[in-house]
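Student:
Number of protein chains: 2
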Amino acid sequence: MHPDELQQYLREVQILLARSSVYAEDGETHEEIPALVLPAPEHAGTLRLQLDALHPADIAYILEALPLEERRYVWDLVKAERDGEILLEVSDAVRESLIETMAPHELKAAAETLDADELADLAPDLPPEIIRDVFQSLSSDEREQLRAAMSYPEDSVGALMDFDLVTVREDVTLEVVLRYLRRFDELPDHTDKLFVIDREEHLVGILTLESLLISDPEKLVSEVMRREPKVSFAPGDDASDAAQAFERYDLVSAPVVDRDNKVIGRLTVADVVDFIREASEAEILSHAGLREEEDVFAPVWDSVKNRWAWLAVNLVTAFVASRVIGAFEGSIERLVALAALMPIVAGIGGNSGNQTITMIVRAIAVGQIEESATKRLLKKELGVALFNGVIWGGLLGVLAWWLYSSASLGLVMTAAMTLNLLLAACAGVLIPMLRQRFGGDPAVGGSVMITALTDSGGFFIFLGLATLFLL
Amino acid sequence: MHPDELQQYLREVQILLARSSVYAEDGETHEEIPALVLPAPEHAGTLRLQLDALHPADIAYILEALPLEERRYVWDLVKAERDGEILLEVSDAVRESLIETMAPHELKAAAETLDADELADLAPDLPPEIIRDVFQSLSSDEREQLRAAMSYPEDSVGALMDFDLVTVREDVTLEVVLRYLRRFDELPDHTDKLFVIDREEHLVGILTLESLLISDPEKLVSEVMRREPKVSFAPGDDASDAAQAFERYDLVSAPVVDRDNKVIGRLTVADVVDFIREASEAEILSHAGLREEEDVFAPVWDSVKNRWAWLAVNLVTAFVASRVIGAFEGSIERLVALAALMPIVAGIGGNSGNQTITMIVRAIAVGQIEESATKRLLKKELGVALFNGVIWGGLLGVLAWWLYSSASLGLVMTAAMTLNLLLAACAGVLIPMLRQRFGGDPAVGGSVMITALTDSGGFFIFLGLATLFLL
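Listed in order, the protein sequences are those of chains A and B. Quick note on numbering: the working numbering labels position 61 of the first sequence as 61, and the sequence is numbered without any gaps. Basically the working numbering = 1-based index in the second sequence + 1000.
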């Protein structure tokens, strides 16, 4: 590598380093990047030390922000024993680019530093022979956990849970619990409650750290614990339901139990926050037709693959709309103003329909709409559409009249706008409601469908009305 | 009210009641709605009891899912002393509809049940005279807190923080701290750490409950505490930066300090989760041009107000695009196929541009892109656009050739598609990057701008090329 290049990206890394820790100890954000001392190539050692001092999530942030080559260079500087935890923190796309550069023995070493639940997260990206090797090296308990964690579908509670439990018995005093805890070197992250179990490991109650701390230590666990855990999950539960419960009840951790009410794991708010963030990013990306999060520095070909499906669908719907226009070529030839006005009718219909469908899909997602509300919603949305049609359509009608000196063209414009807005409102309510009824995901592709409908529909309504009344 | 109506919505409420608690004690989701006993009108008392047993967040959920009239009926059944906490949980739109129905003395009573930070959240929706009354009834400490909380801008740490602190001194033993905690009836929600302060209330360290529990009680706080709090915030810090820090470092709570490093408040993961959810919802809604979350059962007029701005902007951009077409009316008259083909060029350009801008905006938001990367990103996106232009544009060119038996029309089609995709790629990278450079929010309205550009640009490129080479 050319020394200038190395200098250039050591500088970039320095900038990122300065920004990576979101907050300095003084509680101020790093708005200003401090003056940089450019490290000479032989100073990679300094950089290595700086990286060693960072939280794995901060290193992940730096790796994600670096272009491919620089990313690999920094990745090589990171201590091998931290590879595993950093791989967990980076996005899927970046993880792939890092794993590609690692030798099998490095991957195996990285994987072996992880807990069973973490390993399960990483497993889909690892070569099968590495998984097999790592599996051999686990204790039988851990094997069981790994097998369990990998058996749950991606968006289930089972896939998010960890196995770091602190359990106590109900027939001991709090004093005994306090002494028991002092034997730990550390408690699992996000321990805000201990799980009270009986001899057969059934969950019988919850002892919060709060009640442990504020109660008289002479008391028995059974006197202090909450017997009915407010919230517990089954591993097959939907992760988004669990996330909703965490939000609604402000939970920090919650037990996961099997059918026999045995505690098998724990869900923490950290996992839930990650899930919420990922789910909402996926929603935003899918609105724009991106299949998944993209590594911004990915090669052209990766981006093409990520985006082609949407463009293909869009091509088909645009072609259909184009054929609708094609059917009215005779009319356009006789009144060319139609060609200039028709995209307005289609465009406004599409935007209005997208407003409606976005609102309905969100309301369905948070459980605010029952099927019984369909009629009521339809009535309301048609009201909004009629209002907008008369006002905006009327305005455009006047404009068309003024531009082309034809009152009847203006009237057709207003009528077509209103009808297309009504079509958009119906579709915006019915597409997600019907999907929900037939068990589909009301969100997927709704925006494509509605745009296709209002484009073709808008052209058809406008050109059709014009052909009937103007020619 | 007609008894049938009442029955109808008591039934609706029953369904919601059955669904409201996301999880039953047995850890199973309520997939099936249990057979319902329809309450007679006189059984409102039963409903009241059922409501009393629910978590305020669950009642908020029910209220949000009910149409206006039913919502008011249920709201009247809720115990007055719970009004305050429920108002905090419902969405802004629904909160407005509930407050409208309340008498001033009810509002005042509800407000008085709240903490200063909660009151600050509610204040913008309350009539000023209520605020004044409530303010009078506060202690001077609380007044100071309320004033402080209300003075911070909406998306700052100050607006999210609460004032429920447990502080300790560093020169006492853990045993003393444990005894001190036992004097509490309860600890503030999400207490995972105590704040260690000196005589002047400066933050000198953090004592986690974990280290309190696992360490020898004979030790001094100063021996066990972490002297440099990993993360602390200033009240003026950006809430989204704070949310990123919570996500990255898996925090449960963090201190908020003023310029002199005095602890003035605390940020908890519950507030952060709410913030993340709201921010991502706002982003999704704004993509569809909805100004804010909408109460799905709001009257037509409220919806019109929420949506009109976007439609107005859209009208202007569509009108501009229409005028571009208007300028080429002569060409269209001579070759009417242009009218049918032009929306394809514009539409695909818009979609592709939206993919690019969505990706860039997201990468900027998570801090993955520096300005120095602009050239590199531009090169990559232009590569993707060129590829798509040649492949998809070529395909459409062949289709146009086949439909209209004109090879030159096909060539113009391919060239126009490619150029418009290149335009979309440039705009998709440059719009957000330039906005960030000039200190604007890279997300706002980017999608409108790019669609406007690729519509007008697409029409201009296609019709212009056709006029030059075909006529």
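The C-beta atom is built at its ideal place from N, Cα and C for all residues, glycine as well. Bear in mind the structure is a predicted one, so any value in this text is a computation, not a measurement.
For residue 75/A, which residues in chain B fall below 8 Å Cβ to Cβ?
Tutor: Per Cβ cutoff of 8 Å: no residues; residue 75/A is ~16 Å from chain B at best.
Student: Does DSSP classify residue 212/A as helix, strand or coil?
Tutor: Reduced to three states, the DSSP call for residue 212/A is helix.
Student: Considering only the alpha carbon of each residue, which of 48/A, 460/A, 175/A and 296/A lies closest to residue 1368/B?
Tutor: Nearest C-alpha to residue 1368/B: 296/A.
Student: Using a Cβ-Cβ cut-off of 9 Å, state whether residue 1375/B counts as contacting chain A.
Tutor: Residue 1375/B does not count as touching chain A.
Student: Which residues, in chain order, does the region 1287-1303 of chain B contribute to contact with chain A at a C-beta distance below 7 Å?
Tutor: Cβ contacts with chain A: 1287, 1288, 1289, 1290, 1294, 1296, 1300 and 1303.
Student: Does the region 1285-1299 of chain B come close enough to the region 1257-1264 of chain B to have 3 or more Cβ pairs within less than 8 Å?
Tutor: Counting Cβ pairs under 8 Å, fewer than three are found: no touch.
Student: Establish whether the CB of residue 1307/B and some CB of chain A are separated by less than 9 Å.
Tutor: Closer than 9 Å to some Cβ of chain A, the Cβ of residue 1307/B qualifies, so yes.
Student: Output yes if chain A places a C-beta closer than 9 Å to the C-beta of residue 1339/B; else output no.
Tutor: Yes - at least one Cβ of chain A is within 9 Å of the one on residue 1339/B.
Student: Check whether the Cβ of residue 470/A lies closer than 9 Å to any Cβ atom in chain B.
Tutor: Taking Cβ atoms only, chain B never reaches closer than 9 Å to residue 470/A, which makes this a no.
Student: Quick one: what's residue 265/A bridged to in DSSP?
Tutor: Residue 265/A pairs with 256/A.
Student: Do you know how far the Cα of residue 182/A is from the Cα of residue 1157/B?
Tutor: When rounded, the distance between both Cα atoms is 35 Å.
Student: Going by Cα to Cα distance, which pick from 1274/B, 1346/B and 1198/B is closest to residue 1091/B?
Tutor: Comparing Cα positions, the closest option is 1274/B.
Student: Counting contacts by CB-CB distance shorter than 9 Å, is residue 1438/B in contact with chain A?
Tutor: Answer no: the Cβ-Cβ gap between residue 1438/B and chain A never drops below 9 Å.
Student: Is there at least one Cβ from chain B nearer than 9 Å to residue 97/A's Cβ?
Tutor: Taking Cβ atoms only, chain B never reaches closer than 9 Å to residue 97/A, which makes this a no.
Student: Roughly how many angstroms lie between the CA atoms of residue 1039/B and residue 1045/B, to the nearest whole one?
Tutor: At residue 1039/B the pLDDT is 48, less than 50, meaning the model places this residue with poor confidence and gives no usable figure here.
Student: For residue 1145/B and chain A, any beta-carbon pair shorter than 9 Å?
Tutor: Not one chain A Cβ lies under 9 Å of residue 1145/B.
Student: Could one say the Cβ of residue 216/A lies closer than 9 Å to chain B's Cβ atoms, at least one of them?
Tutor: Taking Cβ atoms only, chain B reaches closer than 9 Å to residue 216/A, which makes this a yes.
Student: Residues in the region 1384-1404 of chain B with C-beta within 8 Å of chain A's C-beta atoms, listed in sequence order?
Tutor: From the region 1384-1404 of chain B, only 1384, 1387, 1388, 1392, 1395, 1396, 1399 and 1403 have a Cβ closer than 8 Å to chain A.
Student: Bridge partners for residue 1226/B per DSSP, in chain order?
Tutor: Looking at the DSSP assignment, residue 1226/B forms a beta bridge with 1206/B.
Student: According to DSSP, simplified to helix, strand and coil, what is residue 1220/B?
Tutor: Strand, per DSSP.
Student: My output table needs one value for residue 317/A: the three-state DSSP class, helix, strand or coil.
Tutor: Helix.
Student: Does the beta carbon of residue 359/A sit closer than 9 Å to a beta carbon anywhere in chain B?
Tutor: Judged by the 9 Å Cβ criterion, residue 359/A is in contact with chain B.
Student: So with Cβ pairs under 9 Å, would you call residue 1192/B a contact of chain A?
Tutor: Yes, because at least one Cβ of chain A sits closer than 9 Å to the Cβ of residue 1192/B.
Student: Specify the secondary structure class of residue 1091/B as computed by DSSP and reduced to three states.
Tutor: The answer is coil: DSSP assigns residue 1091/B none of H, G, I, E or B.
Student: Only counting the same chain, and skipping five residues up and downstream in sequence, which positions put a Cβ closer than 8 Å to that of residue 1198/B?
Tutor: Contacts found: 1169, 1170 and 1204.
Student: Decide yes or no for the touch test of the region 1305-1315 of chain B against the region 425-433 of chain A: beta carbon pairs closer than 8 Å, at least 3 of them.
Tutor: No contact exists between the region 1305-1315 of chain B and the region 425-433 of chain A.
Student: Would residue 424/A pass as a contact of residue 347/A if the rule is Cβ separation under 9 Å?
Tutor: It is not a contact, given that the beta carbons lie outside the stated cut-off.
Student: Please classify residue 1434/B: is it buried, with 16 or more other beta-carbons within 10 angstroms of its beta-carbon, or exposed?
Tutor: Residue 1434/B is exposed by the Cβ-count criterion.
Student: Can you confirm whether the region 405-418 of chain A touches the region 434-454 of chain A when touching is taken to mean that 3 or more C-beta pairs between the two stretches lie within less than 8 Å?
Tutor: Cβ pair count under 8 Å is below three, so no.
Student: Closest to residue 1270/B by C-alpha separation, out of 1278/B, 1252/B and 1282/B, would be which residue?
Tutor: Closest option to residue 1270/B, Cα to Cα, is 1252/B.
Student: Are the C-beta of residue 1122/B and some C-beta of chain A separated by less than 9 Å?
Tutor: It does not: the Cβ of residue 1122/B has no partner Cβ on chain A nearer than 9 Å.
Student: Would you mind reading off the limits of the alpha helix (DSSP H) that contains residue 1459/B?
Tutor: Taken as a continuous stretch (DSSP letters only), the alpha helix (DSSP H) holding residue 1459/B covers 1446-1469.
Student: Quick one: what's got a C-beta closer than 8 Å to residue 1231/B's C-beta in the same chain, skipping five residues either side?
Tutor: Counting only Cβ-Cβ distances below 8 Å, and skipping sequence neighbours, we find 1245, 1249, 1251 and 1254.
Student: Show which residues of chain B have a CB atom less than 8 Å away from the CB atom of residue 187/A.
Tutor: Going along chain B in sequence order, the residues near residue 187/A (Cβ under 8 Å) are 1210, 1213 and 1214.
Student: With DSSP as the reference, label residue 429/A as helix, strand or coil.
Tutor: In the structure shown, residue 429/A sits in a helix (DSSP, three-state: H, G or I).
Student: Since residue 1459/B and residue 1344/B should fall inside the 8 Å C-beta cutoff, what is the C-beta to C-beta distance between them, to a whole number of angstroms?
Tutor: That belief does not hold up - the Cβ atoms of residue 1459/B and residue 1344/B are roughly 11 Å apart, past 8 Å.
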